[in-house]
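Each step along the sequence shown adds one to the number in the UniProt record's numbering, with nothing skipped, and position 356 is 356.
Where is the CB? At the ideal position from N, CA and C, for every residue including glycine.
Below: one structure, written as structure tokens.
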Amino acid sequence: MTQVHREVELKFAVDDDDQVPSLIELAGPAADGTAFIVGEPEQHVLRATYYDTADLDLARHDLTLRRRVGGQDGGWHLKVPGGESERSEVRLPPGRAGSAIPEVLQRLVRARTQGRPLVPVAKITTRRTVHRLFDATDRPLLELAHDRVSARRVLPLGGSGDATGPEITWQEIEVEVLDGDEETLTAVAGELAARGLAAAPHTSKLARVLGPDGRTAPARPKKARRRPTKAPTSGVALAYVGDQLEQLRSQDLLVRMDRPGSVHKMRVATRRLRSALDTFRSSFAPDAVTALRAELRWLAGVLGEVRDAEVMHERVVGVLRTEPAVDAGPTEMVDAGPPDGDDAGPPAAGEADARLRSAHRAAREALVHELDGERYDRLLDALDDFVSNPPTTQRGSRPAGKALRRGVARQYARVRRLVERAGAATDADQRAELLHEARKAAKQTRYAAELAGDVFGGRARAFAAAMERTQELLGQHQDSVVLRQRLRELAQATTDPVAAFTYGRLHALEEVRAREAEERLPAVWSRTSKKRLRRWLR
Numbered sequence: 001m002t003q004v005h006r007e008v009e010l011k012f013a014v015d016d017d018d019q020v021p022s023l024i025e026l027a028g029p030a031a032d033g034t035a036f037i038v039g040e041p042e043q044h045v046l047r048a049t050y051y052d053t054a055d056l057d058l059a060r061h062d063l064t065l066r067r068r069v070g071g072q073d074g075g076w077h078l079k080v081p082g083g084e085s086e087r088s089e090v091r092l093p094p095g096r097a098g099s100a101i102p103e104v105l106q107r108l109v110r111a112r113t114q115g116r117p118l119v120p121v122a123k124i125t126t127r128r129t130v131h132r133l134f135d136a137t138d139r140p141l142l143e144l145a146h147d148r149v150s151a152r153r154v155l156p157l158g159g160s161g162d163a164t165g166p167e168i169t170w171q172e173i174e175v176e177v178l179d180g181d182e183e184t185l186t187a188v189a190g191e192l193a194a195r196g197l198a199a200a201p202h203t204s205k206l207a208r209v210l211g212p213d214g215r216t217a218p219a220r221p222k223k224a225r226r227r228p229t230k231a232p233t234s235g236v237a238l239a240y241v242g243d244q245l246e247q248l249r250s251q252d253l254l255v256r257m258d259r260p261g262s263v264h265k266m267r268v269a270t271r272r273l274r275s276a277l278d279t280f281r282s283s284f285a286p287d288a289v290t291a292l293r294a295e296l297r298w299l300a301g302v303l304g305e306v307r308d309a310e311v312m313h314e315r316v317v318g319v320l321r322t323e324p325a326v327d328a329g330p331t332e333m334v335d336a337g338p339p340d341g342d343d344a345g346p347p348a349a350g351e352a353d354a355r356l357r358s359a360h361r362a363a364r365e366a367l368v369h370e371l372d373g374e375r376y377d378r379l380l381d382a383l384d385d386f387v388s389n390p391p392t393t394q395r396g397s398r399p400a401g402k403a404l405r406r407g408v409a410r411q412y413a414r415v416r417r418l419v420e421r422a423g424a425a426t427d428a429d430q431r432a433e434l435l436h437e438a439r440k441a442a443k444q445t446r447y448a449a450e451l452a453g454d455v456f457g458g459r460a461r462a463f464a465a466a467m468e469r470t471q472e473l474l475g476q477h478q479d480s481v482v483l484r485q486r487l488r489e490l491a492q493a494t495t496d497p498v499a500a501f502t503y504g505r506l507h508a509l510e511e512v513r514a515r516e517a518e519e520r521l522p523a524v525w526s527r528t529s530k531k532r533l534r535r536w537l538r
């Protein structure tokens with residue numbers, strides 16, 4: 001079974017055994033004045049083989065895949081970066097020696113390997129002495145590991161097999177949070193620094209073995225406050241598309257791991273790619289742009305099913321758990337009180353929670369299935385090819401400023417038409433559909449204006465911020481439309497009259513919410529469409 005372990009640790013370089021201080025001296029007394037306890041030291045020998053592509057695609061993006069035996073957590077490990085001193089570690093049993101890399105781990109790194117084989121790239125043996133710090137209740141707080149490391153690079157040969165490079169050795173200290181807090185880790189780290197120990201020069205043992213070959217992929221150069229408006233349109237477009245493609249790839253792994261917020265970020269990257277391709281469509285071959293935008297629309301739709309299910313669960317269940325509970329009939333109400341676990345609130349809350357969780361699971365399974373499929377692989381390949389072998393047209397060599405102005409102005413005009421048509425519509429369903437289309441157009445216009453901010457500076461960014469306010473209001477309206485539809489489905493599916501009554505009550509409240517959004521729209525749109533915000537488009 002796959003396990004995900006959150007790892008928070010700091011590494012320090014040591015030259016000899018004499019530099020390793022006592023953990024009890026480092027920690028000092030607990031905050032309440034009681035003494036910490038240090039357990040008996042443990043000795044382990046850890047033998048690990050590290051895997052990557054021949055081009056080290058994982059290492060260049062700070063990902064580590066290994067099979068390790070020995071110690072208390074032997075097995076297959078995939079380390080994924082988090083914060084400055086934090087990682088997530090996906091763990092699987094080790095299997096038999098020589099066994100293939102587990103399929104689940106290969107799928108997790110698929111967006112980085114793109115089907116290229118994973119081969120051994122390093123062998124590392126660690127002789128580890130472990131000291132653990134406990135509180136007065138015998139709760140493990142920190143672990144200090146003194147590692148004596150010997151390692152060799154594995155170099156694939158031209159034919160079959162591989163060769164190992166020269167052995168390198170070093171020592172280091174790892175201090176890791178177990179069941180304690182990061183404040184204690186910070187205190188211990190401060191004491192180590194005060195005793196002259198420097199932070200380890202590498203983020204991982206593998207990084208030290210690989211050296212310059214395994215350095216993290218170079219960051220894109222920081223953008224200037226303003227790009228010249230005369231820069232080639234295709235160059236500006238391709239830089240942006242490359243940025244968003246990298247964001248899409250980075251979120252792929254996190255989506256597969258079900259990291260909070262990752263689906264939303266991947267969906268945004270997909271939409272930004274579609275928007276950029278539309279803004280700069282005249283700079284590239286029409287067939288290539290049309291095909292990519294169609295596939296990106298498909299991917300955004302699959303991601304949207306999961307994201308919408310997340311939002312609906314949060315919104316519906318959150319509102320239901322704050323609702324008063326119906327006792328005997330619709331006129332007798334009792335206070336449900338604050339939420340107390342998953343089953344808190346009126347009966348409808350538990351029922352809706354179960355149904356919406358089921359819908360979310362189904363949407364996630366469908367998403368992961370698509371991410372594992374050939375269609376998604378072909379899309380990534382096509383985007384890579386678009387960036388590396390761009391199908392530019394003659395217009396792609398023209399100044400970017402003019403193309404950006406024209407693209408943003410075209411998209412703004414579409415938003416304006418949709419808002420005006422929605423305001424004139426007398427049919428409620430037609431008006432709701434027009435407002436939904438206006439929201440999508442406003443989002444695309446905002447993305448294009450944000451892109452233009454790299455060329456036109458604050459003028460474009462101010463316009464983008466104003467458009468975002470319109471987009472958010474229209475988004476509130478659309479959320480209400482979708483939520484009302486979901487409430488109708490829940491009401492039709494339930495056999496509990498009390499739950500049905502609660503769904504109906506919430507449906508009425510959402511109708512009011514939608515109407516209020518419609519009433520606010522003219523004023524918000526009036527501020528968004530001010531001429532002074534659009535002067536830069538002339």
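Taking 3 residues as the shortest admissible run, the stretch 438-501 contains no complete beta strand (DSSP E) segment at all. Counting along the chain, Trp76 sits inside the beta strand (DSSP E) bounded by residues 75-81. Here the alpha carbons of Glu314 and Ala122 stand approximately 45 Å from one another. For Gly396, the number of other beta carbons within 10 angstroms of its own is at least 16, and it is reported as buried. Taking C-beta separations shorter than 6 Å and ignoring five residues to either side along the sequence, the partners of His436 in its chain run Gln478, following chain order. Relative to the Cα of Arg96, the nearest Cα in the group Gly82, Glu86, Gly75, Arg112 belongs to Gly75.
Counting only residues of its own chain and dropping the five nearest sequence neighbours on each side, Ile124 has a CB closer than 6 Å to the CB of Ala48, Ala151, Lys205. Per DSSP, Gln247 is one residue of the alpha helix (DSSP H) stretching across 233-256.
Ranked by Cα distance from Val109, the options Asp138, Thr53, Leu141 are led by Thr53.
If you look at Ala288, you'll find it in the alpha helix (DSSP H) that goes 286-320. Annotated as proximal: Leu367 and Val302, with beta-carbon spacing under 8 Å. The alpha-carbon separation between Ala288 and Pro391 amounts to approximately 7 Å. As for any alpha helix (DSSP H) of minimum length 4 sitting wholly inside the stretch 97-175, the runs are 103-108, 110-113, ordered along the chain. Note: Arg68 is bridge-paired with Ala48, Gly75 in the DSSP secondary-structure output.
The C-alpha of Arg357 is placed about 30 Å away from the C-alpha of Leu245. Ranked by Cα distance from Val455, the first of Leu537, Ser85, Thr126, Glu89 is Leu537.
For Thr53, the three-state secondary structure derived from DSSP is coil. With respect to the C-alpha of Leu56, the residue from Val119, Glu374, Thr290 having the closest C-alpha is Val119.
Between Thr470 and Thr426, the C-beta gap is not smaller than 8 Å, which leaves the two residues out of contact. Taken in chain order, the whole alpha helix (DSSP H) runs of length 4 or more contained in the stretch 331-416 are 347-371, 374-388. Apart from sequence neighbours up to five positions away, the residues of its chain that approach Pro93 with a beta-carbon distance below 7 Å are Gly75, ordered along the chain. Boundaries of the alpha helix (DSSP H) harbouring Glu182: 182-194, taken from the DSSP string. In the three-state reduction of the DSSP assignment, Arg515 falls in the helix class.
Between Val316 and Ala352, the alpha-carbon positions lie close to 7 Å from each other. A direct Cα-Cα distance of roughly 15 Å separates Val104 from Glu370.
Between the stretch 288-299 and the stretch 375-385 there are three or more C-beta pairs closer than 8 Å, enough to call the two in contact. By the neighbour-count definition (other C-beta atoms within 10 Å, threshold 16), Pro201 is an exposed residue. Ala199 is bridged by DSSP to Phe12. Here Glu7 really is in contact with Arg87; their C-beta atoms are around 5 Å apart, less than 8 Å. Taking C-beta atoms as the reference points, Leu473 and Glu510 fail to come closer than 8 Å.
Around the beta carbon of Asp385, fewer than 16 other beta carbons lie within 10 angstroms, which makes this residue exposed.
For Ser275, the enclosing alpha helix (DSSP H) covers residues 262-279. The alpha-carbon of Val175 is positioned some 56 Å away from that of Arg532.
The Cβ-Cβ distance between Ala276 and Tyr240 falls below 8 Å.
Taking all protein chains in view, the Cβ of Asp252 is crowded by 16 or more other Cβ atoms within 10 Å, so the residue is classified as buried. Pairing Ser480 with Arg446 gives a Cβ-Cβ distance that is not under 8 Å.
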